[in-house]
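The working numbering applies: residue 3 is where the sequence shown begins, and numbers increase by one. C-beta atoms are modelled at their ideal positions from N, C-alpha and C, and glycine is treated no differently. All values derive from a computational prediction rather than experimental measurement.
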Amino acid sequence: MTERIQRVTVITAHPDDSEFGAGATVAKLVREGKVVTYCILTNGNKGSSDRAMTPERLVAIREEEQRNAARVLGVETVDFLGFPDCELEDTRASRMAVTAAIRRHRPDLVIAQNPHRTKLLGASHRDHRIAAGIAIDCVYPLARDHMAFPELMAQGLEPHKVKEVHMMWWENPELVVDVSDTMDLKIKALACHVSQLKDMAAVEKRVRERAAELGKPKGYAYAETFEPIVIER
Ligand SMILES: [Zn+2]
């Protein structure tokens, strides 16, 4: 990663999305000396099949799990924006919350999810598509323009220009990141999401196979893949 990228914010829908989509890349960026922060739009309060679980308890559990995973990867701060799981909408309120996060974190690079519906149903969950759309709209133009959300300027949140967005991408990706050296950290971070992973051995097998498949064309043991947008203005 070039010198022009020093600060990175990963914007995702749910606790655990960053680790699944970009955990090894995050660990690699931290090793390269970049400051990485997380912004998570929903509280994950529906991600349980346990009939005795309550949404309130689940929110607290998932925040704790996400903080633990962030610590494993060396992520500096985690923002929980608190929108309800599976009910994320692209509204003025959600766009303003993400714009505020971008202006606070001031990233050069935003890593976002994939805004498109694909055949990978888990990866193209509606919250993921909506979170990605919001993230990209907030990068350009909402975080950049001082007259967007005057409330934020009143709070001292000055406009900010993001230089690049890397969308999590799997079909003919332009950017294939060699994460062979940080794959173990990704697995360790994923394992922090105890409430979400009933069979960690099976998850590890699936995640490693997928990363190996993505790395194969480039000759990498493991890869994570993205579609970059470079913002010129
Ligand atoms: Zn998710």
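With a threshold of 16 other CB atoms inside 10 Å of the CB of residue i, please say whether the residue is buried or exposed.
i, result
"L123", "exposed"
"R53", "exposed"
"H148", "exposed"
"T4", "exposed"
"T227", "buried"
"P109", "buried"
"P175", "buried"
Over the uninterrupted alpha helix (DSSP H) stretch that includes residue i, give me the two end residues.
i, result
"A72", "P57 to L75"
"V100", "R94 to H107"
"A134", "R128 to D139"
Note the first and the last residue of the continuous beta strand (DSSP E) segment covering residue i.
i, result
"G25", "Premise fails: G25 lies in the alpha helix (DSSP H), D19 to R33, not in any beta strand (DSSP E)."
"E226", "A225 to V232"
"C41", "V37 to T44"
"D81", "V80 to F85"
"R53", "Segment: none, R53 is in no beta strand (DSSP E) and carries neither H nor E."
"L111", "L111 to A114"
"T14", "R9 to T14"
Below 8 Å on the Cβ atoms is my contact criterion, and I expect residue i with residue j to pass it. Report the Cβ-Cβ distance as a whole number of Å.
i, j, result
"R105", "H162", "5 Å"
"A15", "L60", "Actually they are not in contact, since the Cβ atoms of A15 and L60 sit about 15 Å apart, beyond 8 Å."
"Y142", "D81", "With a Cβ gap of about 20 Å, Y142 and D81 do not count as contacting."
"S191", "G25", "Reading the sequence as shown, one finds Ala at residue 191 and not Ser. That belief holds up - the Cβ atoms of A191 and G25 are roughly 5 Å apart, short of 8 Å."
"V2", "V77", "For the chain, the structure presents residues 3 to 235; residue 2 sits outside this window and is missing."
Let me know the alpha helix (DSSP H) ranges lying completely inside the region 192-221, each 4 residues or longer, listed in chain order.
Listed in chain order, the complete alpha helix (DSSP H) runs (minimum 4 residues) inside the region 192-221 are 202-217.
Any alpha helix (DSSP H) of 4 or more consecutive residues that is wholly inside the region 154-192:
Those alpha helix (DSSP H) runs which fall completely within the region 154-192 and span 4+ residues are 185-192.
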